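K.L.:
I'd like to ask some things about the structure below.
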Amino acid sequence: MTEKKAPVIVVRKSRLKDPESGQTHPAPPLREITTGAPAALAAPDTPDAKNTTARSPDKRNRHAQKSRDRMALFARTFPALWPEFEKGKFRPMKVGIKEQVKAYIDAHPDCGMTFGTWIQAIRTVTSRIEYQRCLKEGTPRYDIHGEPVGTVTAPEAEYARLQVSRIRAKMDLSRAAREKKNHDATE
60 MTEKKAPVIV VRKSRLKDPE SGQTHPAPPL REITTGAPAA LAAPDTPDAK
110 NTTARSPDKR NRHAQKSRDR MALFARTFPA LWPEFEKGKF RPMKVGIKEQ
160 VKAYIDAHPD CGMTFGTWIQ AIRTVTSRIE YQRCLKEGTP RYDIHGEPVG
210 TVTAPEAEYA RLQVSRIRAK MDLSRAAREK KNHDATE
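Okay, here's the thing in C-alpha cells:
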C-alpha cells in the first residue's frame, strides 16, 4: 500500500484593489475588538495614548534570525568547511563550490538542505564583513570537505577590501540613523 502524502496548503495575503487607479494595496491589519468593555476603560484615540497591544517581533530581527539559522544549517551540513563556525570564524570557499554543493545535495537529499536554501545561506555568509575580511591574498580556499583547493588572488583580495569598506559605510549609516531616531524620540 502506498503512503499518502500530506496536502500542501498555500495561504496568500489578500490585497485590496483601488478601483480608480487599478493598483493593489495590502489589506489593512485586523484590529482586536473587545466587546462589553465600559467606555471609560476604552483606550483614547489621541496621539499621546500608549499602545498597549502586543507587538509582533521586529521584521529585521526575524530576518536576522532566519539568516543565522540558514548559516548554522550550512555549517552543520558541511562542518569541515568551517570548523570554527561557532567562534564566528570563516575560511574562504573555493571558486566553483556551487557545483560541488549541488552534487552533494543531489546525492544526499536527506541532508536537510535544499540547493535554494544553500544559495540563501551563501549570500548571507559572503555578504558578512567577517567573511570578506578572511579573503586575503595567498590565503588558501577550501572545498566542502575541508581540503585546500587554490588560493585567494590579488584582485579577489582587493575586491574583498572594497566590500569591507562598503559594508562598514552601510553599518555607519545605519548606526547614525538609529542614533538620530533615538535622539529624536528622547526630545
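Just so you know, we're using our numbering here: the sequence shown kicks off at 60 and counts up by one.
In this text, a Cβ means the ideal position worked out from N, Cα and C, and glycines have one as well.
In this text the structure is predicted, and so the values were computed from the model without any measurement.
Would you list the residues sitting across from residue 152 in a DSSP beta bridge?
P.N.:
Partner(s): 201.
K.L.:
Quick check: the Cα distance between residue 232 and residue 173, rounded to an integer number of angstroms?
P.N.:
Distance between the alpha carbons of residue 232 and residue 173: 34 Å.
K.L.:
For the alpha helix (DSSP H) containing residue 223, list its first residue and its last residue.
P.N.:
Run containing residue 223: 213-245, per the alpha helix (DSSP H) assignment.
K.L.:
Measure the alpha-carbon distance for residue 101 versus residue 190 and round it to whole angstroms.
P.N.:
Reliability of the predicted coordinates at residue 101 is poor, the pLDDT of 42 falling under 50, and no value is obtained from them.
K.L.:
Taking the alpha-carbon positions, what's the residue 18 to residue 211 distance?
P.N.:
As shown, the chain starts at 60 and ends at 246. That puts residue 18 outside it, with no answer to give.
K.L.:
Would you identify the three-state DSSP class for residue 175, choosing helix, strand or coil?
P.N.:
Here residue 175 sits in helix by DSSP.
K.L.:
What residue from 122, 123, 202 and 124 has the CA that sits closest to residue 141's CA?
P.N.:
Here the closest residue by C-alpha is 202.
K.L.:
DSSP beta-bridge partners for residue 207?
P.N.:
Answer by DSSP bridge pairing, in chain order: 201.
K.L.:
CB residue 182 to CB residue 153, shorter than 8 Å?
P.N.:
No, these two residues do not count as a Cβ contact at 8 Å.
K.L.:
How long is the line joining the alpha carbons of residue 145 and residue 216, rounded to whole angstroms?
P.N.:
C-alpha separation (whole angstroms): 24 Å.
K.L.:
For residue 195, does the three-state DSSP call read helix, strand or coil?
P.N.:
Coil, per DSSP.
K.L.:
Taking the alpha carbon of residue 186 as the point to measure from, which residue in 170, 151 and 205 has its own alpha carbon closest?
P.N.:
Measuring from the Cα of residue 186, the nearest candidate turns out to be 151.
K.L.:
According to the neighbour-count rule (16 or more other Cβ atoms, all chains shown, within 10 Å of its Cβ), is residue 123 buried or exposed?
P.N.:
Per the 10 Å Cβ criterion, exposed.
K.L.:
With 16 other CB atoms within 10 Å as the buried threshold, where does residue 130 fall?
P.N.:
Residue 130 comes out buried.
K.L.:
Measuring only the C-alpha atoms, how far is residue 206 from residue 139?
P.N.:
Roughly 8 Å separates the two Cα atoms.
K.L.:
Using alpha carbons as the reference points, say which of 157, 120, 125 and 224 lies closest to residue 137.
P.N.:
If we check each option's Cα against that of residue 137, 157 comes out closest.
K.L.:
Using the Cα positions of residue 160 and residue 197, report the straight-line distance between them to the nearest angstrom.
P.N.:
Taking the straight line from one Cα to the other gives about 24 Å.
K.L.:
For residue 219, count the other beta carbons within 10 Å of its own beta carbon; 16 or more makes it buried, fewer makes it exposed. Which is it?
P.N.:
Residue 219 comes out buried.
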